[in-house]
Amino acid sequence: MRTNVAIIGGGPAGLLLSQILHRAGIDTIVLERHSREYVEGRIRAGVLEDGTQTLLRRAGIGERMDREGLVHEGFSITHREKSHHIDLTTLTGRKVMVYGQTEVTRDLYAARDTMGGIVLHGVEQVALHDLQSNKPHITFGHDGAVHRLDCDFIAGCDGFHGPSRESIPKKSRREFERVYPFGWLGILSKTAPVDEELVYAAHEDGFALCSMRNPRLSRYYIQCSSDEDIANWPDDRFWKTLRKRLPAELAERLETGPSIEKSIAPLRSYVCETMRYGRLFLAGDAAHIVPPTGAKGLNLAASDIHYLSEALIQWYGNADSSGIEGYAERALSRVWKTERFSWWMTSLLHNFPDHSPFEQRMQRAELDYLTESRAAMTTLAENYVGLPY
Ligand code: APR
Ligand code: PHB
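Written out as structure tokens, the structure reads:
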């Protein structure tokens, strides 16, 4: 087999890259370990920055998002029984879109089908070769046979546990990591969202988030300890804990019901420097992880793909290699700023079990300052709607 750009990983990063390149006349083959049903069924975050929205529209997959997505002009932060509104549109002139990553992934698969894009599911033992040459290749197992895929470039879009990053020799990469001493327990329920907008609740017992997917589908999270066993969290206990973390006025309005999905996610910040090794490029979760506070994971994958697709289109269109050579630096500059924001928002809103009383007061003072200062709220808002590409 031969293609221009071999893409490892059929999550949002890999599919979006293949969609944009295909529209520019560049061939791709996507290799995905899991089945399509599995990939399309994963529940992830659901807030799209306006830059992500524009990118999806330009890639020809914005139609259902614009029809079914919920445009949000702000959100609330609650703290000590009070609710503070962050008016994104007044502060920045921009808006976000609440539209689940699950839906973005389905739209991407539908678009790849329409264009006849090749996505191989159920591939095994993916291995990357000759990354420093002009003719890299991949070997993998599929349908009981071993295959070889020759290409010009490899895009490693295979998430945090994929083989791409590990194919960069240890001496050529540097890793930066923070693991937070807590996780998020999330549920999906067929109930009306408690509020029209998202609510980020900072409570002394721990953080909570009220989000949504549509007017009859809610997504809620509560901070839990990192070693929590989901078996100890029947729905009743979840709702009771959530209610306690919301101001009374919101707690009274909370509609509860059976959960249709329940999962625990650890919280981590992680960056791999570099994001390019010869003819291998990393994008999305393969290169970096953010804690979910602020919903930047998918948005960061999208901005990587923006830089990478531009670089490859430049190379194939004008034999210009400057985009490729500058990819890691350009992408990482935005990655680090977004890492900072996700870390800051996580630090601001969660209960840190190891914090001293002094640190607790600092956190409270920062929340008070934030909700009283237009300058501070503007900083939050400009990062939340997304920094420019
Ligand atoms: N071979 C082939 N595919 C693989 C392999 C492998 N060895 N290892 C992992 N993959 C696939 C995974 O099955 C997954 O479908 O790579 C894909 C990576 O997708 P994601 O994990 O969704 O990562 P990404 O596309 O970078 O999207 C980033 O999605 O994961 C969320 O929180 C993340 O919101 C962020 C966004
Ligand atoms: C979600 O809806 O899943 C979500 C929303 C906002 C966040 C994180 C997750 O900050």
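Residue 291 in numbering that gives the first Met the number 0 sits at position 292 of the sequence shown, with consecutive numbering throughout.
From the three backbone atoms N, C-alpha and C, an ideal C-beta is built for every residue, glycine too.
None of the values given here were measured: they were computed from a predicted structure.
Look at residue i and residue j and say whether their C-beta atoms are less than 8 Å apart.
i    : j    : result
E31  : A247 : no
L14  : T104 : yes
I28  : T53  : no
D234 : P257 : yes
F237 : I259 : no
L279 : G155 : yes
A285 : S163 : yes
D303 : A327 : no
I7   : G161 : yes
L216 : K189 : yes
I137 : I153 : yes
A301 : L245 : no
Could you name the residues of the same chain whose beta carbon sits closer than 8 Å to that of residue i, not counting the 5 residues immediately before and after it, in chain order?
i    : result
P171 : Reading the sequence as shown, one finds Ser at residue 171 and not Pro. Cβ neighbours of S171 beyond the five flanking positions: T273, Y276.
G316 : A23
A380 : I85, D86, L87, L90, T91
E338 : S268, V270, H287, V289
S346 : Q362
Could you check which residue in the options has the C-alpha nearest to that of residue i?
i    : options                : result
H146 : R164, S163, E123, Y368 : E123
T77  : L366, V384, L311, M376 : L366
Y199 : Q52, V334, S82         : S82
L348 : N382, S302, H202, K169 : H202
H128 : E36, P168, L331, H21   : P168
T101 : E358, K243, V334, L297 : L297
R93  : R329, R66, E72, G158   : E72
I312 : D26, G10, M0           : D26
W183 : A318, Y98, D194, G205  : G205
R218 : G45, G8, R173, R373    : G45
G140 : L119, C150, A154       : L119
P196 : K134, P356, H84, T91   : Residue 196 is actually Glu in this sequence, not Pro. It is H84 whose Cα lies nearest to the Cα of E196.
C150 : E328, H354, V4, M64    : V4
L299 : L47, W232, F175, G8    : L47
S225 : T377, P352, F152, L369 : P352
E174 : P291, A301, Y269       : Y269
C223 : I117, G158, G185       : G185
A12  : V193, T240, G158       : G158
D112 : D65, R66, R35          : R35
V289 : E251, S372, V334       : V334
G9   : D142, Y108, N350, S210 : Y108
T370 : S75, D319, D65, R57    : S75
L418 : V193, D228, K336       : Lying outside 0 to 388, the shown extent of the chain, residue 418 is not represented and no answer is given.
Determine which residues share a DSSP beta bridge with residue i and list them.
i    : result
T359 : Per the sequence shown, residue 359 should be read as Gln rather than Thr. Answer is none; Q359 lacks a bridge partner.
K261 : I186
T27  : V4
L197 : F74
M376 : M376 pairs with nothing; no bridge assigned.
D149 : R1, H136
I288 : Y269
H83  : I76
S210 : R218
F237 : Beta-bridge pairing links F237 to no other residue.
H141 : A144
Y326 : According to DSSP, which records beta bridges pairwise, Y326 is partnered with nothing at all.
In chain order, what residues of the same chain have a beta carbon less than 6 Å from the beta carbon of residue i, not counting five sequence neighbours either side?
i    : result
G50  : G385, Y388
I323 : A310, W314
G61  : L55
D106 : I60, R63
S166 : L127
Apart from the five residues on each side of it in sequence, which residues of its chain come closer than 7 Å, Cβ to Cβ, to residue i?
i    : result
G293 : F340, S341, M344, Y383
S308 : L16, I19, L20
V70  : K94, M96
V125 : I7, L30, I137, F139, P162
D319 : Q313
T392 : Outside the displayed range of the chain (0 to 388) lies residue 392, so it cannot be described from this structure.
Can we count residue i as close to the ligand HEM, meaning its CB is less than 7 Å from some heavy atom?
i    : result
Q313 : You won't find the ligand HEM in this model; what it holds is the ligand APR and the ligand PHB.
Original post:
Are the region 251 to 266 and the region 174 to 183 touching by the rule of at least three beta carbon pairs closer than 8 Å?
Top reply: Touching, per the Cβ criterion.
**OP:** Give a yes or no on contact between the region 125 to 145 and the region 36 to 46, applying the rule of three or more CB pairs nearer than 8 Å.
**Re:** no
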